[in-house]
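Only one structure is covered here, and it is reproduced in the block below.
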Amino acid sequence: MRDEVISVSPDNLVGAVAKLKVEGYRFVTLSCMQGDVNTVVILYHFDKDLVLKHLRVRVPADGPLPSITAVYFAAFLVENEIQDLFGLRFSGLAVDYERTLYLDGGEVKVTPFCKYTVAKIQGDEAKSLPASADRHSTGGS
Amino acid sequence: MLKTVIPFGPQHPVLPEPLHLQLTVEDEVITEAIPALGFVHRGLEMLAHIRDFHQVTQVVERVCGICSMIHAMCYCQGIEAIMGIEVPPRATFLRTIWSELHRMHSHLLWLGLFADSFGFESLFMQLWKIREKVLDLNEATTGNRIIVSVNLIGGVRRDLAPEQISWILAELAEVEQDINRLGSTLLTDYTVKKRTVGKGVITKDKAFELGLAGPTLRASGVCQDMRMLGYAAFDELDFEPVVETEGDCHARSKVRFREVRQSIDLIRQALSRIAQSEIRTKVKGRPQGETVCRVEQPRGELFYYIKADGTKNLERLRIRTPTFANIPALLSILPGMWLSDVPVAVLSIDPCISCTER
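Protein chains in written order, with this note's numbering: chain A, 3 to 143; chain B, 5 to 362.
Listed below in C-alpha cells is the structure:
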C-alpha cells in the first residue's frame, strides 16, 4: 500500500488510536482478514486531509481484542460485524450485539470468513497444549 | 413517565429497504435508538473470494443498484492500481460522466423520498419524473437504466458517439430547467422548512467524531469529498465540494439538491474536454498486493480494501459503504426528537440498506 501502515500490538492499540484522534484523524473503518493459522489481522483505517493512515494488528483468532469504541464510538458497528463474521471477540464494546448483528442468536453456528473450526483433542495430547491451541486449521469452516 | 419501546421498521411506509430501529420513548420524545441489521445481508464479500477477479466486477455492481456503476469503478480502480494498469484517458472521462449520472439519479430519488417522508407527494412525483430523464440517459448510453455494467478492469465497455454527446447536453439542459423550477419549493417552502429546519442537528465536531461521510458530513460544515482526490477525470475538471453549515435535515437536502446541479456542470465539463483515445487496455496477468481505493458515492465515501495473492481469486475484498458509516449519526440525532420527526431524520442520512448489508 502507498499509505503509511504502522504495526501495533493489541496491548498498545487503544493508546495508538487515541493518539491519532488527538492528531485530528477521522475514523474510517476496520478491515479484518485471516492471518496465519489461528490468527486474524485487522487493519484500522484513519483519514486526515484525504490521506490515509493504517494500524495493523495481529491477534489470536479467539481474541479478545480491546474495543476502540471508547475513543471512536462509531467503531461499534464494524467491531460487531467482525464478531459476527470472524468470531473474534472485542472487550469493552460500547454496544455489544453478542454476535447477533446480522443473525438471531440461535442462527450463529459458524464464522463464515474464518477457515478454522473447533476440534476437540482428547487424552494426554490435550493436556500438553496451551489453552488457545485447540483450534485446528481445516481449510474451511 | 414510563418508558415505552417502539419498533420502527423493518417494514415501514417511509423505508424503501428494511432497517429496524428499536426506539425507546418517554411521552412522544425519543430517549434511545438502537439499530438492528441483517434482514437482507447477502454475503457478497464472501462471494468475491469465490469468483474470478474479473467476475468480481459484476458482483460488486450488485452491492447496490442505485450506485452500481460507482462500486464497479472503485473496484476496477483498485485492481488497476495493484496491477499497474494505465486506463486510457477517454475511459476515465466516460467513467466520470456515468458516475455523475448515477449521482444525479440517486439524489433525485432521495429528494423524492425525502419529500414523501413529510407527506409532500406531488413534490415526490415531480422529482421522480425528472429522474426518469436521467435514467433514459443511462439506458441510451449503456443499455441499462440502473445496473449499467460499463466498467471492466482496464477501462469501459462502451463509448459515446458524437450525436449522443449533443443529445445528452440537450437532455441535461431540460433536467436543469426542471430542477431549478422545483428548487424554490424544495428549499424555501414554508411547510418543508417547518418539517426540516433545526431537526436532527449534527455539529461539525460531532460529524467528524462520528466518522460520517458524504452529504451528511458536508451538511455539517466539513469540506470532504473523495472527488478531491482526483480519481478518474476529476483532476481535469473544475470541482469544489458543496458544503452547508447548519447540520440539520434541511441542510442535508440543500447539499444534495446543489450536488444535482453540480453534477450537470461536471458532465458538461467532461463532455467538452473528453479525450480521443481507446476505451480499454488489455489486461494480462493476475493481481498481487494490497491497496485501498476510495471514491465518492452519492451517499459519501466508498472504501474498498483489496488484497490479492497472485491467484485468480482475491484473498480479501472489504467494502465499507457510506451508509455503514452514517448509521451512528442516527444514534446521535434521534434522542431528544419527537416520534413524528423520526421518518424525516432517518431519511435525511439517505440510508441504503442494500449497501450496508453487502
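Glycine residues also receive a C-beta, built at the ideal position from the N, C-alpha and C atoms.
Legend entry - Where B/Ser224 sits in the DSSP three-state scheme: coil
Inset, instruction - Tell me, please, whether the CB atom of B/Glu305 is closer than 9 Å to any CB atom in chain A? - result: yes
Inset, instruction - Can you pull the chain A residues whose beta carbon is under 9 Å from the beta carbon of B/Arg322, in chain order? - result: Thr31, Leu32, Ser33, Cys34, Met35, Leu45
Inset, instruction - Give a yes or no on whether 9 Å exceeds the smallest Cβ distance from A/Asp5 to chain B. - result: yes
Legend entry - The beta strand (DSSP E) enclosing A/Ala18, as first and last residue numbers: Looking at the DSSP string, A/Ala18 is not in any beta strand (DSSP E); the run it does join, the alpha helix (DSSP H), is 15-24.
Legend entry - Length-filtered (4 minimum) alpha helix (DSSP H) runs lying within the region 81-128 of chain B: 93-121
Legend entry - Within chain A, the residues that B/Val9 reaches when beta carbons sit closer than 7 Å: Under the 7 Å cutoff, chain A gives no residues; its nearest Cβ is about 16 Å from B/Val9.
Inset, instruction - Could you spell out where the beta strand (DSSP E) holding A/Phe48 opens and where it closes? - result: 41-50
Inset, instruction - Indicate the three-state DSSP secondary structure (helix, strand or coil) for B/Ala217 in the structure shown. - result: coil
Inset, instruction - Under 6 Å Cβ to Cβ from A/Lys23, same chain only, skipping five residues before and after it: list those, please. - result: Val73
Legend entry - Continuous alpha helix (DSSP H) stretch holding A/Tyr104: start and end: Run containing A/Tyr104: none; DSSP gives neither H nor E here.
Inset, instruction - Tell me, please, which residues DSSP counts as bridged to B/Tyr79. - result: Paired residue(s): none; B/Tyr79 is not in a bridge.
Legend entry - Completely contained beta strand (DSSP E) runs for the region 231-288 of chain B, where each covers 3 or more residues: none
Inset, instruction - With DSSP collapsed to three states, give me the class of B/Gly187. - result: helix
Legend entry - Chain-ordered chain A contacts of B/Tyr309 [CB-CB under 8 Å]: Ser33, Leu45, His47
Inset, instruction - Scan the region 310-345 of chain B and note each continuous alpha helix (DSSP H) run of 4 residues or more that stays entirely inside, going in chain order. - result: 326-337
Inset, instruction - Decide yes or no for the touch test of the region 202-212 of chain B against the region 125-145 of chain B: beta carbon pairs closer than 8 Å, at least 3 of them. - result: no
Legend entry - Any C-beta of chain B under 9 Å from that of A/Phe78: yes
Legend entry - Whole-angstrom C-beta distance between B/Thr315 and B/Arg277, which should lie under 8 Å: Incorrect: roughly 39 Å between the Cβ atoms, too far for contact.
Inset, instruction - Return helix, strand or coil for B/Val148, following the three-state DSSP convention. - result: Checking the sequence, you will find Asn at residue 148 of chain B rather than Val. Of the three classes helix, strand and coil, the one that applies to B/Asn148 here is coil, per DSSP.
Inset, instruction - Determine the burial state of B/Lys52: buried for a count of at least 16 other Cβ atoms within 10 Å of its Cβ, exposed for fewer. - result: This sequence places Ala at residue 52 of chain B; Lys is not what is there. With 16 or more Cβ atoms within 10 Å of its Cβ, B/Ala52 is classed as buried.
Inset, instruction - May I ask you to list the residues that DSSP assigns as paired with B/Thr8? - result: B/Val29
Legend entry - Where the region 205-217 of chain B meets chain A: residues whose CB sits under 7 Å from a CB there: Phe212, Leu214, Gly215
Legend entry - Neighbour list for A/Arg28 in chain B, Cβ cutoff strictly below 7 Å: Phe212, Gly215
Inset, instruction - With 9 Å as the threshold, decide whether the Cβ of A/Val97 is near any Cβ in chain B. - result: yes
Inset, instruction - Tell me, please, whether the CB atom of A/Phe92 is closer than 9 Å to any CB atom in chain B? - result: no
Legend entry - Within-9 Å CB hit, A/Leu67 to chain B: no
Legend entry - Three-state class that DSSP yields for B/Tyr308 in the structure shown: strand
Inset, instruction - Could you run through the region 268-300 of chain B and flag, in chain order, every residue whose CB is less than 7 Å away from some CB of chain A? - result: Glu294, Thr295, Val296
Inset, instruction - State yes or no: is the beta carbon of B/Phe328 nearer than 9 Å to at least one beta carbon in chain A? - result: yes
Inset, instruction - Counting only the same chain and skipping the five closest in sequence on each side, list residues whose C-beta sits under 8 Å from that of A/Ala135. - result: Model confidence at A/Ala135 stands at a pLDDT of 41, short of 50, so the residue's coordinates are unreliable; what they give is reported in the following sentence. Excluding positions up to five away in sequence, the list reads Asn40.
Inset, instruction - Determine contact between the region 53-65 of chain A and the region 340-356 of chain B, defined as no fewer than three beta-carbon pairs at a distance below 8 Å. - result: no
Legend entry - Buried or exposed (CB count within 10 angstroms, at least 16 for buried), B/Ala177: exposed
Inset, instruction - Check the DSSP bridge columns for B/Thr207 and list the partner residues they point to. - result: Partner(s): none; B/Thr207 has no beta bridge.
Inset, instruction - Consider the Cβ of B/Met50: report whether some Cβ of chain A lies at a distance smaller than 9 Å. - result: yes
Inset, instruction - Would you check if there are 3 or more beta carbon pairs closer than 8 Å linking the region 334-346 of chain B to the region 29-43 of chain B? - result: yes
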